[in-house]
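Everything on this sheet refers to the single structure shown next.
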Amino acid sequence: MIKLNLISVKQHNALRLKAIYYYIENFLGLFVIAVILISITLIPINHSLTSLHKRVNNEEKQNSLKNKNITDEIDDFNDKVIILDDIQSSTYNWPLLISNLAGLVSDQIFLMEFNAKLSDHQFILKGHAQTREAYLIFKDNLIKSDSFHQLEFSLSDILKKKDIDFAIKGSFK
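Residue numbers for the sequence shown follow this note's numbering, beginning at 929 and rising by one.
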């Protein structure tokens, strides 16, 4: 077999180099197309992840706000339990006093407020009576009671016939 070299060695090397450049150029073109396709695929995924991240952050903020509200309610409840425990553990029998007071009240008397101080055994009782007769019966019951003494009644409350808003001051035993 006879091999003829019709082109020079320089031209042969130049053609070989051109072929290598051609393959590199095609490879780079395919690489750019692949990168573009991957980018097109990743953009919607990025948007989905961003919206998911925002939603998770919003839910986290809402949950932390709910937890804070629940914690505040629990703290408030605990404070009330401590106050109730202090009242019940004091040396005075408050449930008995309230029970005695409740036994003196008729259906036409509504007690709205009972403020008492253990230090000097003073109290203020505020309420509403529908009629004067019911108020006078309640007044007599308080006077006859062993639990209350030194009672002060307002004369203007006694003079009203109906819808009497009263305030009674006194001492408890």
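Where a beta carbon is used, it is the ideal one built from N, C-alpha and C, also for glycine.
Beta bridge counterpart(s) of aspartate 1074 as assigned by DSSP: BP columns for aspartate 1074 are empty, so no partner.
Whole beta strand (DSSP E) elements within the segment 1003 to 1069, 3-residue minimum: Secondary structure within the segment 1003 to 1069: the beta strand (DSSP E) runs of 3 or more consecutive residues, fully enclosed, are 1037 to 1045, 1050 to 1059 (chain order).
Residues of its chain near leucine 1025, where Cβ-Cβ distance is below 7 Å and the 5 sequence neighbours each way are ignored: Ser1075, Phe1100
Enclosing alpha helix (DSSP H) for isoleucine 1092 [first to last residue]: No alpha helix (DSSP H) contains isoleucine 1092, which is instead part of the beta strand (DSSP E) from 1090 to 1100.
According to DSSP, residues forming a beta bridge with glutamate 1080: Lys1097
When Leu932, Asn1028, Ile1096, Phe1042 are compared against lysine 1067, the one with the closest alpha-carbon: Ile1096
Coil, strand or helix - lysine 1120 by DSSP: Any property of residue 1120 remains undetermined from this structure, which presents the chain solely from 929 to 1101.
Exposure label - glycine 1098; buried when at least 16 CB within 10 Å: Buried, because 16 or more other Cβ atoms sit within 10 Å of the Cβ of glycine 1098.
At least three beta-carbon pairs within less than 8 Å, the segment 1044 to 1058 to the segment 995 to 1011: no
Top-ranked residue by Cα proximity to serine 1073, from Gln1058, Ala1062, Gly1031, Glu1061: Gly1031
Isoleucine 966 CB to nearest heavy atom of the ligand HEM below 7 Å: Among the components of this structure there are no ligands whatsoever, and the ligand HEM is therefore not found.
Phenylalanine 959 burial status per 10 Å Cβ neighbour count (16 or more: buried): With a threshold of 16 other beta carbon atoms within 10 Å, phenylalanine 959 falls short and is exposed.
Helix, strand or coil at leucine 958 [DSSP, three-state]: The answer is helix: DSSP assigns leucine 958 an H, G or I state.
Coil, strand or helix - isoleucine 971 by DSSP: Looking at isoleucine 971 - three-state DSSP - the assignment turns out to be helix.
Among Leu1053, Lys1008, Phe1005, Lys994, nearest to leucine 1070 - alpha-carbon criterion: Minimum Cα distance to leucine 1070 is reached at Leu1053.
Isoleucine 966 in three-state terms, based on DSSP: helix
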